[in-house]
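J.:
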Amino acid sequence: MKKIRIRLTAFVLSALTAISVMTSFPVMSETDNSDEKKQVTVHFDISDPDITYDTDDDGNQIKITDITADANSSVRIPDVFLHKKGYYFSGWTTDNVRGYPINSVIQVSDEDVTLAPVWYNLSDKTEYNIEYKVEIEGEEIEVPKSLKNLSTRQGKFVEVSLQTFEYPGKVYSQIGWRYDGNTYLGQQYIIMPDHDIVLTPNWLKFYNLIYTPGDVDRLNGATSSEFERMETISFELAEAGRFSRNGFKIIGWSCDADDKVYTPLQIYTMPSQDVTFTAVWEPLTYNVVFIGGTGKAEDIIKVEGQTDTSIICPELTGTKSGYYFDGWKFEEKIDGVTTTTIYQPGDEFLIKGTKPGLGISLNAVWKKGTRPVEEPVKYGDADCDGEILLNDAILIMQAVGNPDAYGINGSEKTHITEQGRINGDVSNTGDGLTNLDALSIQKYLIGIITELPVKTE
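Going by this note's numbering, the sequence shown opens with residue 360, and the numbers climb by one from there.
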């Protein structure tokens, strides 16, 4: 037989998993957060009329009552010893396979559980053997003396060894021992059956567990997260705060192994393959705050909207002595540079979202004095003399051809004004002054077209 180095593991599993009742392995958590748990009942089946109990100092029997506990929590078995004529009390079981001594701790699931007493017959002296058998790469390995020549009676508890073996090249890791299709971790108990048993290593592989935010924008910080997890191990999936994205929150994890969507912190059992979980995002709902700056609460206006949708900037009825309201100012950083945009009431404001924990606000712009009176647009009247004449077309051609002299800031006294530029933009309004504007005025004057402005395709 080969010799191989044996190690005593201080792995967290060994101490905690001896108390596991519903699963072969403990839940490994990546977060301290937990969802609200429902209540379950731990019932002790003591219906056998031949059962008696220890007594207290007053001579009263110390009986066991059911326990109410949170689902997926730990429950300590009462330190109460049972008696039955001709038998010895070993402890408790849920399935007649695993044993739980008094005063130990069990892990309950989200369903009620019943514990039944386990006895062994005092008159039955027959003992059965417990053998630890290890094979690596098809060849049996010599085990230490502490794992040899173990025997006990039917109904007694057999504590599973903490000792483990290292697989060459660390292709596998041993987590506990297997017998009859069940896995037992160090310090768990097997109820001895009426035959010999053989325990073999439970070899498990590590696989990659990857979290990704997906192909999305506006991420802050980490863009991936990777762990190693053993196959068959159950654990909580990442919390909703694994990734940060402006304007969105994680509501689930899409799994590429089974095409299912899991909620954050949901229990997941690692398969025998690498697994990638992609974040499922939901847009946040904001109360966009428009701050009037008047000192009055009624001039602070909130408009609700979701990320990547537009809202309408509100009117401001409040006033500020000596000033006039000139719009809503919004500041944001784009590529590290702070930019400022002024929105007028009625304009659309696109909610791009912001970093988690921050809100969105716009501030009123107040300018000293009174609001300038805006002159109405009179299309065609480029020289602002109140009439549409040929000289309007001529002034436009001069402004286009010689802007230094006749442009808005031209040197000639008769240069076009800002209002004249607006009035003269009659062809494809909004594209600025061109010779087409002058031509359209001429066509209007000779009756080829009947109104200004005109849309020229």
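Yeah, the Cβ is synthetic: ideal placement off N, Cα and C, and Gly gets one too. Quick caveat: nothing in here was measured; it's all calculated off a predicted structure.
Please classify serine 505 as buried or exposed, where buried requires at least 16 neighbouring CB atoms within 10 angstroms.
T.: For the purposes of this step, residue 505 is taken as the residue at position 146 of the sequence shown. So serine 505 ends up on the exposed side.
J.: Would you be able to state if there are at least three C-beta pairs under 8 Å between the region 613-633 and the region 641-655?
T.: The region 641-655 is not in contact with the region 613-633.
J.: Leaving out the 5 sequence neighbours to the left and right, which residues in its chain are closer than 7 Å to valine 759 when beta-carbon positions are compared?
T.: Counting from 1 along the sequence shown, the entry for residue 759 is found at position 400. These residues qualify, in order along the chain: Leu792, Thr793 and Asn794.
J.: According to DSSP, simplified to helix, strand and coil, what is arginine 577?
T.: Mapped onto the sequence shown, residue 577 falls at position 218. Residue state, collapsed to three classes: coil.
J.: Determine the closest residue to tryptophan 687 out of Lys714, Lys726, Asp471 and Asp667, with distance taken between C-alpha atoms.
T.: Counted from its first residue, the sequence shown places residue 687 at position 328. For the residues Lys714, Lys726, Asp471 and Asp667, the minimum Cα distance to tryptophan 687 belongs to Lys726.
J.: Check this for me: beta carbons of arginine 537 and threonine 511, under 8 Å apart or not?
T.: Residue 537 sits at position 178 when you count from the first residue of the sequence shown. Residue 511 sits at position 152 when you count from the first residue of the sequence shown. Result no, Cβ atoms of arginine 537 and threonine 511 do not sit closer than 8 Å.
J.: Return the CA-CA distance between isoleucine 609 and glycine 654, expressed in angstroms with no decimal places.
T.: Along the sequence shown, read from residue 1 onward, the residue named residue 609 stands at position 250. Along the sequence shown, read from residue 1 onward, the residue named residue 654 stands at position 295. Distance between the alpha carbons of isoleucine 609 and glycine 654 is about 37 Å.
J.: Against chain C, does tyrosine 683 count as a neighbour if the rule is that its beta carbon must be under 8 Å from one of theirs?
T.: No chain C appears in this structure, which consists of one protein chain only.
J.: Would asparagine 488 and aspartate 409 qualify as a contact pair, given that the criterion is a beta-carbon distance under 8 Å?
T.: Walking along the sequence shown from the start, residue 488 turns up at place 129. Walking along the sequence shown from the start, residue 409 turns up at place 50. Cβ distance not < 8 Å, so asparagine 488 and aspartate 409 don't count as in contact.
J.: In three-state terms, what does DSSP make of valine 759?
T.: Stepping through the sequence shown from its first residue, residue 759 is reached at position 400. Looking at valine 759 - three-state DSSP - the assignment turns out to be helix.
J.: Over what stretch of residues does the alpha helix (DSSP H) that includes lysine 802 continue unbroken?
T.: Here residue 802 corresponds to residue number 443 of the sequence shown, with the count starting at 1. Element bounds for lysine 802: 794-804.
J.: Is valine 480 near glycine 458, with beta carbons less than 8 Å apart?
T.: Locating residue 480 in the sequence shown gives position 121, counting from the first residue. Locating residue 458 in the sequence shown gives position 99, counting from the first residue. Going by the sequence as given, residue 480 is asparagine instead of valine. It is not a contact, given that the beta carbons lie outside the stated cut-off.
J.: With DSSP collapsed to three states, give me the class of aspartate 658.
T.: As a first step, residue 658 must be located in the sequence shown, where it is residue number 299. Three-state result, aspartate 658: helix.
J.: Per the contact definition of three or more C-beta pairs closer than 8 Å, is the region 464-474 in contact with the region 398-412?
T.: Judged by Cβ distances under 8 Å, the region 398-412 makes contact with the region 464-474, as three or more pairs qualify.
J.: Assuming contact is defined by CB atoms lying nearer than 8 Å, are tryptophan 478 and phenylalanine 448 in contact in what I supplied?
T.: The sequence position of residue 478 within the sequence shown is 119, counting from 1. The sequence position of residue 448 within the sequence shown is 89, counting from 1. Cβ distance < 8 Å, so tryptophan 478 and phenylalanine 448 count as in contact.
J.: Kindly indicate which three-state DSSP category proline 630 falls into: helix, strand or coil?
T.: Counting from 1 along the sequence shown, the entry for residue 630 is found at position 271. DSSP places proline 630 in coil when its eight states are reduced to three.
J.: Nearest to glycine 677 by CA position, among Gly664, Asp658 and Lys802, is which residue?
T.: For the purposes of this step, residue 677 is identified with residue 318 of the sequence shown, where counting begins at 1. Measuring from the Cα of glycine 677, the nearest candidate turns out to be Asp658.
J.: Rounded to the nearest angstrom, what separates proline 460 and tryptophan 451 at their Cα positions?
T.: Translated into the one-based positions of the sequence shown, residue 460 becomes position 101. Translated into the one-based positions of the sequence shown, residue 451 becomes position 92. Their backbone Cα atoms lie some 6 Å apart in a straight line.
J.: Whole angstroms is fine: what's the gap from tryptophan 612's alpha carbon to valine 639's?
T.: Indexing the sequence shown from 1 puts residue 612 at position 253. Indexing the sequence shown from 1 puts residue 639 at position 280. In a straight line, the C-alpha of tryptophan 612 is about 6 Å away from that of valine 639.
J.: Let's test the definition: count the other Cβ atoms within 10 Å of the Cβ of proline 527 and tell me whether it reaches 16, buried, or not, exposed.
T.: Taking the first residue of the sequence shown as 1, we reach residue 527 at position 168. Exposed, because fewer than 16 other Cβ atoms sit within 10 Å of the Cβ of proline 527.
J.: Can you give me the C-alpha to C-alpha distance between glycine 418 and histidine 442, rounded to a whole angstrom?
T.: Counted from its first residue, the sequence shown places residue 418 at position 59. Counted from its first residue, the sequence shown places residue 442 at position 83. Going from the Cα of glycine 418 to the Cα of histidine 442 covers about 16 Å.
J.: Classify valine 380: buried if its beta carbon has 16 or more other beta carbons within 10 angstroms, exposed otherwise.
T.: One-based indexing of the sequence shown puts residue 380 at position 21. Because valine 380 carries a pLDDT of 33, less than 50, the predicted location of this residue cannot be relied on, and the following value inherits that uncertainty. By the 10 Å Cβ count, valine 380 comes out buried.
J.: Could you say which of Val557, Asp784, Gly545 and Pro812 lies nearest to leucine 509 if we only look at CA atoms?
T.: Residue numbering aside, residue 509 sits at position 150 when the sequence shown is read from its first letter. For the residues Val557, Asp784, Gly545 and Pro812, the minimum Cα distance to leucine 509 belongs to Val557.
J.: With 16 other CB atoms within 10 Å as the buried threshold, where does threonine 666 fall?
T.: Indexing the sequence shown from 1 puts residue 666 at position 307. Result: buried.
J.: Among residues of its own chain, excluding the 5 on either side of valine 634, which ones have a beta-carbon nearer than 6 Å to its beta-carbon?
T.: For the purposes of this step, residue 634 is taken as the residue at position 275 of the sequence shown. Excluding sequence neighbours, valine 634 sits near Leu568 and Ala616.
J.: Does the distance from the C-beta atom of glycine 705 to that of cysteine 672 stay below 8 Å?
T.: On the sequence shown, residue 705 is found 346 positions in, with the first residue counted as 1. On the sequence shown, residue 672 is found 313 positions in, with the first residue counted as 1. For glycine 705 and cysteine 672, yes; Cβs fall inside 8 Å.
J.: Hey, would you say glutamine 522 sits closer than 8 Å to asparagine 561, going by beta carbons?
T.: Within the sequence shown, residue 522 is the residue found at index 163, counting from 1. Within the sequence shown, residue 561 is the residue found at index 202, counting from 1. In this structure, asparagine 561 does not lie closer than 8 Å to glutamine 522 by Cβ.
J.: Taking just the CA atoms, how far does isoleucine 800 sit from threonine 746?
T.: Within the sequence shown, the letter at position 387 stands for residue 746. Within the sequence shown, the letter at position 441 stands for residue 800. For the sequence presented, residue 746 should be read as glutamate rather than threonine. Taking the straight line from one Cα to the other gives about 12 Å.
J.: Residues in its own chain within less than 7 Å of tyrosine 828 by CB, not counting five upstream and five downstream?
T.: Given a span of 360 to 816 for the chain in the structure shown, any question on residue 828 remains unanswerable.
J.: Going along the chain, which unbroken runs of the alpha helix (DSSP H) with 4 or more residues stay wholly within the region 690-730?
T.: Counting only runs of 4 or more, we get nothing.
J.: May I ask you to report which of helix, strand or coil DSSP gives aspartate 742?
T.: By one-based count along the sequence shown, residue 742 stands at place 383. Here aspartate 742 sits in coil by DSSP.
J.: Could you check whether arginine 601 and phenylalanine 594 sit closer than 8 Å to each other, using their CB atoms as the reference points?
T.: If you number the sequence shown from 1, residue 594 lands on position 235. If you number the sequence shown from 1, residue 601 lands on position 242. No; because the gap between Cβ atoms is not below 8 Å, this pair is not in contact.
J.: Answer with buried or exposed for asparagine 579, where buried requires no fewer than 16 other C-beta atoms within 10 angstroms of its C-beta.
T.: By 1-based counting over the sequence shown, the position of residue 579 is 220. Its Cβ having fewer than 16 others within 10 Å, asparagine 579 is exposed.
J.: Leucine 754 and isoleucine 775 - do their beta-carbons sit closer together than 8 Å?
T.: Position 416 of the sequence shown holds residue 775. Position 395 of the sequence shown holds residue 754. The answer is yes: Cβ separation under 8 Å.
J.: Work out the CA separation of valine 724 and glycine 606 for me, nearest whole Å.
T.: Start at 1 with the first residue of the sequence shown, and residue 606 comes out as number 247. Start at 1 with the first residue of the sequence shown, and residue 724 comes out as number 365. Approximately 26 Å between the Cα atoms of the pair.
J.: Going along the chain, which residues of its own chain have a beta-carbon closer than 7 Å to the beta-carbon of aspartate 469, five neighbours each way excluded?
T.: The count along the sequence shown starts at 1 and reaches residue 469 at position 110. Within the same chain, aspartate 469 has close Cβ partners Lys397, Val399, Ala430 and Asn431.
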